[in-house]
Amino acid sequence: MGLFSNLLTFRGGIHPPTCKERTNHGRIEVAPPPSRVIIPVAQHIGAPADVVVKKKEKVKRGQVIAAAKGFVSAPIHASISGTVKEVGPAYSATGQRVECVTIESDGEDAWLEGLLTDRPDYMELPPEELREIIHNAGIVGLGGATFPSHVKLAPPAEKPIHTVILNGVECEPYLTADHLLMLERGEEVVAGLRLIMRVVGAKEGVIGIEANKPDAIRHLKELTKGDPNIRVATLQVKYPQGGEKQLIYAVTKKEVPSGGLPMDLGIVMNNVGTAVAMFRACRYGEPLTERVTTVTGAGIVTPRNFLTRIGTPFGELTELCGGFNGAMGTVINGGPMMGIAVPSLDVPVIKGTSGILVLAKEELPPREYEPCIRCGMCVRGCPVQLVPSALSDYGETRMLDELEGYNIFDCIECGSCSYVCPSKRPIVQFIRYGKREILAERQKQRDRQAAREAMAKTAEVAA
Amino acid sequence: MADEQTPTPAPEPPPEGASTPPVVEGSAAPAPPAKAESAETAPAERSATAKPAGDAADKPAKKAKPEKKKKKKGLPEKELVLVGSSSPHVVSDETIPRIMYAVCIALAPAILVGIYCFGLQAVKVLLLTAAACIATEAGLQRLMGRKITVIDGSALVTGLLLAMTLPPSAPWWICTIGGMLAIGVGKQLFGGLAHNPFNPALISRVILLISWPVELTTWMKPGQGFANLGVDVVTAATPLGLMKEELIQKGSIHVVSQFHLMDGLFGLNQLGSLGETSVIALLVGGIFLFYRGYITWHIPVGYVTAVGAVAALFWGIDPSRFAPPAYHLMTGGLFLGAIYMATDMVTCPVTNRGMLIFGIGCGILTYFIRTFGSYPEGVSFAIVIINGAVPLIERWVRPRTYGHNLSAAS
Ligand code: SF4
Ligand code: SF4
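Chains as they are written, first to last, in numbering that gives the first Met the number 0: chain A, 0 to 462; chain X, 0 to 409.
So, in structure tokens, the structure goes:
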């Protein structure tokens, strides 16, 4: 149980079965380019990109089809060559209906001319230029957070960065995309790390990997041997070891202040897949048009790992895996702990799709739940030391002040509490509900305040 | 990955009407109402059917609804039926019955020692008390129209625990009334499992002790239970009882010098309640519960250490009037109370620090009641009293959340 383990870890956490055996070997298979892609313009945190193509327009792979709007945003590129069939709302893998560009393939799969470059000396470029390349390549956090990467790489001058941590933990059960990526593209992972260190001016680089991937640990240790600035940190197998704050604590024994960012501690963290994408953008001029994703779960005939184009409908990938074996109930974008159930198989792979998980209906949590028996298991499991039992009770009864007193906004919604609860309470749902209600309440108060001020002003004018 | 959830998925919760809490079942309603229904009417937080789902199939009347939803959302007709869900999409196989039956298993060694020592008499007390608890639970739940949850094992646990605190010679009606009090007054009166502020078994024991002190303090010697069932029980006082008598009558204690540590550890030759005599047997079960993650060390260790520490302090002051720590640790229901009663999930704090404070409080109070109170044994009273302080402890003792109060961190 890791009770006496001396591996690095955080406080709290749980031990769900990892379920990685079916896909953690073999190779990443290249999925054939699909005949049709659906590319949402909102695939990142921040402002959705602006569509810059029109219906019937011919596009090439790598061509910008939606431009970044503002600093915290990222451009979107065509992932195949073909004709724009449609621009309009459709379901994305986040379960929301968003603006999407649908492209029908011309079968040529041609890159935009003049896009790809060969830059063996990319490490000589000034950091600003590298950051610009990364921004233009549309790279966002590929671990699932989808935060635009160039923003993370632009810390203000008063917050110097000394350490870059690469997140190769992959603590979500079932997922193996990062694991295989580290095995097959270890060189690019390390090159990506060096690239990020150069851009932010960090001296130290750490690659964090959970102890259940000994082959990846060995491989990356081998590749970084002789580099005194880079080390591989082996982490205890525990969920959510790959949570940003949890991994930072595990590696540095420091805590990101509540409401703060890793850069407050002089740290930048990126997913290993993101590092590879950044390397390829800077080295070869490749924008982000594909990613590695695991297609797995009890409902899938032959689970596999794919290198697939952004915008590939889920259904095409599950087809490539031999389809469903009858046990299908829910299809999830991401892992079982934090992923999002999708409304249909037409939703596309997006930049944050680390896996497509098909769970049988029987595997889902029961709908019924019991009152809290105060067993304390959620408290011991919470990786940020909240009291989830109190949050769920106060959420259920909508006691908003109490919720704030219990630091509800520090909850990372990792799901550990709901997972362990013997009463099967939907704790995370109560917490999300509570957060929403508090924000709505604050907004209401602001509105009221504004109305009062406006009224006072009119009164003044009148007087 | 921390912000993975930030874009809230559409098919997820949206509670209709901003101020409706996500679940219809109010916690004010003391009993959990029929869950199947509340899950249906609730804005289906957990498994909202994002599509006309097979889920609704068992409720044909409801089928129409998801159909409408589908039209509204304009989902394409053709493809498969997906079941909606909200993260986390998997949960552990831990359940309330699983915990309760694990507690029963943990109690088995001490129960077996009790049966070995007190024979059929012990079997009788155990069966009667457990049966009374189970029957009362089922009867009351039925009477009040609550969901019948008697198979979840919690009534059985209460029954066993209560029986273990009773003298093996307890008459049948004590067992029956005790069981009814535990479930009726200790649990269902407050709304059933999870709503009771006090440990039901101990509430019952306290009422019994006050109402029938003679029956509750008549002890039988080990080793005679198989021969004579309920008749001619040779009685004597427990070690703690002896100590108190001597202290009152002579002003000093001698009984401690006759006490053998081994008796306390193995409990094969000691007077006392049915299940409290063998410290080793109680520890074995406690380690099992610890290993399964159902209890932590905080309460038992805090409790026992506090009793030992306070006892050592007084013994150091005046050894002729106060018993040595080992005597306090090895006698009475200390380990039964510290491992199984004080750790009762529903009635102890949820946080580690809260539990430690709770345990220490129980320990100190136990010592004072034993030494200065009018009853020889203090565990039941102490735990019930500190149970009452749990809301206070919860209010003031909270874990330091990650990223808060960083100066206090290291
Ligand atoms: S979801 Fe929130 S409250 Fe629950 S364990 Fe994770 S961080 Fe803690
Ligand atoms: S895990 Fe569930 S039952 Fe246990 S304390 Fe937390 S909310 Fe209550």
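Glycine is no exception: its CB is placed at the ideal position from the N, C-alpha and C atoms.
Short note on A/V427: C-beta not closer than 7 Å to any heavy atom of ligand 2.
Residues of chain X whose Cβ lies closer than 7 Å to the Cβ of A/S417 are, in chain order, P87 and V90. At the C-beta level, A/V205 and A/T162 come within 8 Å of one another. DSSP places A/P370 in no beta strand (DSSP E); its state is neither H nor E. Burial of X/T157 is indicated by the presence of at least 16 other C-beta atoms within 10 angstroms of its C-beta. Rounded to the nearest whole angstrom, the CA to CA distance from X/L405 to A/C170 is 26 Å.
Bridge pairing for A/A66: A/D49 [DSSP]. Its chain contains N195 as the residues whose beta carbon lies nearer than 6 Å to that of X/F189, once the 5 sequence neighbours on both sides are disregarded; these appear in chain order.
Scanning A/D120, A/A136, A/Y238 and A/V71 for the CA closest to the CA of A/L174 turns up A/Y238. The set of residues with a C-beta under 7 Å from any non-hydrogen atom of ligand 2 comprises A/C371, A/I372, A/R373, A/C374, A/G375, A/M376, A/C377, A/V378, A/P387, A/S388, A/S391, A/C416, A/V419, A/C420, A/P421, A/S422, A/R424, A/I426 and X/V349, given in chain order. DSSP, reduced to helix, strand and coil, places X/I316 within a helical segment of the structure shown.
According to DSSP, residue pairing for A/H76 in a beta bridge involves A/V63. Residues of the segment 316 to 345 of chain A that bring their beta carbon within less than 8 Å of a beta carbon in chain X comprise F323, M327, G328, T329, V330, I331, G333, P335, M336, M337, G338, I339, A340, V341, P342, S343, L344 and D345, in sequence order. With contacts defined as CB atoms closer than 8 Å, A/L363 and X/V82 qualify as a contacting pair. For A/C410, the distance from the CB to the nearest heavy atom of ligand 1 is below 7 Å. Taking 7 Å as the cut-off, one finds no heavy atom of ligand 1 near enough to the beta carbon of A/P125.
Chain-order list of chain A residues neighbouring X/G402: K244, E254, V255, P256, S257, G258, G259, V383 and D409, by C-beta distance under 8 Å. Under the Cβ criterion of 8 Å, X/H327 is not counted among the residues facing chain A. Taking 8 Å as the cut-off, the beta carbon of A/S148 is found no closer than this to the beta carbon of A/G142. A residue is called buried when at least 16 other Cβ atoms come within 10 angstroms of its Cβ; A/L438 does not meet this threshold and is exposed.
By a beta-carbon distance limit of 8 Å, X/F357 contacts X/I392. Their separation comes to about 6 Å. Counting along the chain, the unbroken alpha helix (DSSP H) around X/G360 starts and ends at N351 to F371.
If you compare the alpha carbons of A/L344, A/P382, A/C420 and A/V97 with that of A/I372, the shortest gap goes to A/C420. With contact defined as three or more Cβ pairs closer than 8 Å, the segment 419 to 436 of chain A and the segment 87 to 95 of chain X are in contact. X/P375 sits close to X/L239, with the two beta carbons spaced by under 8 Å. With a threshold of 8 Å between beta carbons, X/A193 makes contact with chain A. Taking non-hydrogen atoms of ligand 1 into account, the C-beta of A/C381 is found less than 7 Å away from one of them.
When rounded, the separation of the alpha-carbon atoms in A/G258 and X/G292 is 32 Å. When Cβ-Cβ separations below 8 Å define contact, A/C99 makes no contact with chain X. With three or more CB-CB distances shorter than 8 Å, the segment 294 to 305 of chain X counts as touching the segment 342 to 349 of chain X.
Residues of chain A with a Cβ closer than 8 Å to the Cβ of X/R397 are, in chain order, V386 and Y405. Spanning the alpha carbons of A/L6 and A/L234 requires a straight line of approximately 5 Å.
Assigned with DSSP and collapsed to three states, A/P88 falls in strand. The way I'd put it, the segment 88 to 100 of chain A does touch the segment 329 to 348 of chain A; three or more beta-carbon pairs between them come closer than 8 Å.
A residue is called buried when at least 16 other Cβ atoms come within 10 angstroms of its Cβ; A/V275 meets this threshold and is buried.
The closest heavy atom of ligand 1 lies 7 Å or more from the beta carbon of A/I437.
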